[in-house]
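These notes concern the structure reproduced below.
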DNA sequence: ACTGGATCCTGACTGC
DNA sequence: TGCAGTCAGGATCCAG
């Protein structure tokens, strides 16, 4: 489900309910996520206070006071909601974090590609976070950076853009959208895109992600913020999911191709 | 070192 | 209505 904007919208939705609050424990109904949920999660969390809810790439970081961080990943189908503790869980509500005051932070994830990980170390040292590329909304993402990193690379520029070692947070929807805005064909070899076009691409990535966050994310099926509101960016998507529709700029039909086993949408007139 | 493909899992949708 | 096949917002792992 979520790319960076949806994770960030979720973070902003849950943070006011979670930050500064003490955890009374955890209830794990289904530990078989991408990696097993820690068996002693309840004991680890009980009585500890959440200092901050942060985000790195598509991971949410619940930083506990003193030390230790809970890493949450939503995978393809995960979502987080803050609900009253007495709310009956539905089929795929795998983990509850019990908050003082009678609410729970509830993780739902039908496909179970998500993750709940614990680390007592500084989270940037965790194997899942070490080695990640820069945040796309930081000053580190520049055209020069993308240009340098792409030299000699023969994979499609869309796959290059979705490589978390290069830059984090750009998933299948926003990769198509950013490449459209930058006028770059998604299947072009990354190493054969020039510096000037990477400058356009870096700006396009940041712009599309910021606009999506401002719109509350993209709701395709059932994405909602931590408070249950859907995102309204879907109607702003220029190419994703719009095969056969007219390009808003040149009027030619939007095409769909499979690149790296993922559907990719582009305008054959505007993108080279 | 890079690259593409297979893989984890369930649900929604399509076509017959 | 039922059933088989296809596809889905992620990211890791593995073989070549």
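In my numbering, the protein residues as written are 80 to 351.
Beta carbons are placed, not taken as given, at the ideal position from N, Cα and C, and that holds for glycine.
If you're wondering where the values come from, they're calculated on a predicted model, not measured in any experiment.
- Query: For residue 241, is the classification buried or exposed, using 16 other Cβ atoms within 10 angstroms of its Cβ as the cut-off for buried?
  - Reply: buried
- Task: Using alpha carbons as the reference points, say which of 143, 182, 156 and 140 lies closest to residue 306.
- Result: 182
- Query: At which residues does the beta strand (DSSP E) containing residue 353 begin and terminate?
  - Reply: In the structure as shown, the chain starts at 80 and stops at 351, and residue 353 therefore has no counterpart that could be examined.
- Message: Measuring alpha carbon to alpha carbon, tell me which residue in 326, 208 and 178 is nearest residue 99.
- Response: 178
- Message: For a minimum of 4 consecutive residues, which ranges assigned as the alpha helix (DSSP H) are wholly contained in the region 188-237?
- Response: 222-229
- Message: So for residue 96, helix, strand or coil by DSSP?
- Response: helix
- Query: Which two residues bound the contiguous alpha helix (DSSP H) that contains residue 289?
  - Reply: 274-293
- Message: Under DSSP, the beta strand (DSSP E) around residue 301 begins and ends at which residues?
- Response: Looking at the DSSP string, residue 301 is not in any beta strand (DSSP E), and its letter there is neither H nor E.
- Task: Could you pull out every residue in the same chain whose Cβ sits closer than 6 Å to the Cβ of residue 157, ignoring the five residues on either side in sequence?
- Result: 188 and 193
- Item | Reduced DSSP category for residue 86 - H, G, I as helix; E, B as strand; rest coil | helix
- Query: Alpha carbon to alpha carbon, what distance is there between residue 106 and residue 304?
  - Reply: 22 Å
- What three-state label does DSSP hand residue 271 in the structure shown? helix
- Query: Does the distance from the C-beta atom of residue 264 to that of residue 207 stay below 8 Å?
  - Reply: no
- Message: Taking the straight line between their C-alpha atoms, what separation do you get for residue 341 and residue 310?
- Response: 23 Å
- Task: Just the C-alpha distance for residue 250 and residue 223, rounded to the nearest angstrom, thanks.
- Result: 21 Å
- Based on the DSSP output, what are the partners of residue 137 in its beta bridges? Residue 137 pairs with nothing; no bridge assigned.
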